[in-house]
Amino acid sequence: MTVLTLKEVAQRLKLHPNTLRRYAKQGKLPAMKFGRVWRIEEEDLKDFMRAMKQEVKR
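Mapping to numbering that gives the first Met the number 0: the sequence shown position 55 is 54, numbers consecutive.
Structure, rendered in structure tokens:
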């Protein structure tokens with residue numbers, strides 16, 4: 000299991016970290032918060048990207 004930081008995910012997706020925080024708080028992006036730091040499992044990120052791709056196709 001690979002766990003990524005919010006900053007790493009933001010760089011991969013070319014999104015602002017605040018956007019990803021908002022998605023996590025809204026439940027759109029599965030994420031874990033340890034203290035003040037958000038972590039995202041790589042598999043959850045892949046699922047999130049697939050879901051976004053499906054949403055764009057509609």
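We put the CB at the ideal spot given by N, CA and C, even for glycine.
All figures in this text were calculated on a predicted structure; none of them were measured in a lab.
N- and C-terminal bounds of the alpha helix (DSSP H) containing R49: 41–56
For V36 and K24, what's the separation of their Cα atoms in angstroms? 13 Å
Who are the Cβ neighbours of K32 in its own chain at under 6 Å, not counting the five residues just before and after it? none
Look up T18 in the DSSP assignment and say whether it is helix, strand or coil. helix
Whole angstroms is fine: what's the gap from R38's alpha carbon to L5's? 6 Å
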